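All remarks here apply to the structure that follows.
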(Lines of atoms letter the chains of each structure in order from A and count residues from 1; the text may use other names and numbers.)
(Lines give C-alpha, C1' and ligand atoms only; values in the text may rest on other atoms or scores of the structure.)
Protein backbone atom coordinates (compact mmCIF):
# COMPACT_ATOMS: atom_id res chain seq x y z
CA UNK A 1 0.00 0.00 0.00
CA UNK A 2 1.37 3.38 -1.00
CA UNK A 3 1.48 6.27 1.43
CA UNK A 4 -0.13 9.47 0.30
CA UNK A 5 2.56 12.04 1.04
CA UNK A 6 0.74 15.06 -0.31
CA UNK A 7 0.06 17.75 2.23
CA UNK A 8 -3.59 18.35 2.88
CA UNK A 9 -4.61 21.83 3.89
CA UNK A 10 -6.91 22.26 6.84
CA UNK A 11 -9.94 24.45 6.29
CA UNK A 12 -11.88 25.35 3.24
CA UNK A 13 -10.72 27.33 0.27
CA UNK A 14 -14.14 28.89 -0.04
CA UNK A 15 -14.30 32.66 -0.28
CA UNK A 16 -14.94 34.29 3.06
CA UNK A 17 -16.19 37.68 1.91
CA UNK A 18 -19.88 36.79 2.17
CA UNK A 19 -19.50 35.36 5.68
CA UNK A 20 -17.61 38.45 6.80
CA UNK A 21 -20.30 40.57 5.16
CA UNK A 22 -23.03 38.89 7.19
CA UNK A 23 -21.09 39.41 10.43
CA UNK A 24 -20.48 43.03 9.46
CA UNK A 25 -24.20 43.46 8.73
CA UNK A 26 -25.27 42.14 12.12
CA UNK A 27 -22.78 44.33 13.99
CA UNK A 28 -23.62 47.34 11.82
CA UNK A 29 -27.36 46.83 12.40
CA UNK A 30 -27.07 46.48 16.15
CA UNK A 31 -24.89 49.56 16.52
CA UNK A 32 -26.21 51.95 13.87
CA UNK A 33 -29.79 50.70 13.39
CA UNK A 34 -31.33 52.53 16.35
CA UNK A 35 -29.29 55.65 15.59
CA UNK A 36 -30.42 55.86 11.96
CA UNK A 37 -33.92 54.35 12.07
CA UNK A 38 -35.12 55.25 15.57
CA UNK A 39 -36.24 53.08 18.48
CA UNK A 40 -37.31 50.02 16.48
CA UNK A 41 -34.54 50.34 13.92
CA UNK A 42 -32.38 47.50 15.15
CA UNK A 43 -34.04 44.86 12.97
CA UNK A 44 -34.20 47.20 9.98
CA UNK A 45 -30.54 48.08 10.44
CA UNK A 46 -29.57 44.41 10.71
CA UNK A 47 -31.49 43.56 7.53
CA UNK A 48 -30.00 46.40 5.53
CA UNK A 49 -26.55 45.76 6.97
CA UNK A 50 -26.65 42.07 6.04
CA UNK A 51 -27.85 42.89 2.51
CA UNK A 52 -25.11 45.47 2.07
CA UNK A 53 -22.50 43.17 3.62
CA UNK A 54 -23.44 40.27 1.33
CA UNK A 55 -23.27 42.52 -1.74
CA UNK A 56 -19.87 43.94 -0.78
CA UNK A 57 -18.56 40.50 0.24
CA UNK A 58 -19.68 38.89 -3.03
CA UNK A 59 -18.05 41.68 -5.03
CA UNK A 60 -14.85 41.29 -3.01
CA UNK A 61 -14.81 37.50 -3.53
CA UNK A 62 -15.47 37.91 -7.24
CA UNK A 63 -12.66 40.44 -7.59
CA UNK A 64 -10.12 38.35 -5.64
CA UNK A 65 -10.69 34.95 -7.24
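Numbering (my numbering), first residue to last: 74 to 138. We treat Cβ as the ideally placed atom computed from N, Cα and C, and that holds for glycine. Just so we're clear, the structure is a prediction, and the values are computed from it rather than from any experiment.
Can you tell me whether DSSP reads residue 89 as helix, strand or coil? Residue 89 falls in the coil class under three-state DSSP.
Mind checking residue 120: buried by the 16 CB within 10 Å criterion, or exposed? The C-beta of residue 120 has fewer than 16 other C-beta atoms within 10 Å across all chains shown, which makes the residue exposed.
Thinking C-alpha only, which one of 111, 128, 108 and 137 is nearest residue 96? For residue 96, the nearest C-alpha among the options comes from 128.
Give me, in chain order, the residues of the same chain whose beta-carbon lies closer than 7 Å to that of residue 117; leave out the 5 immediate sequence neighbours on both sides. These residues qualify, in order along the chain: 106 and 110.
Inter-residue Cα distance where the pair is residue 134 and residue 92: In a straight line, the C-alpha of residue 134 is about 11 Å away from that of residue 92.
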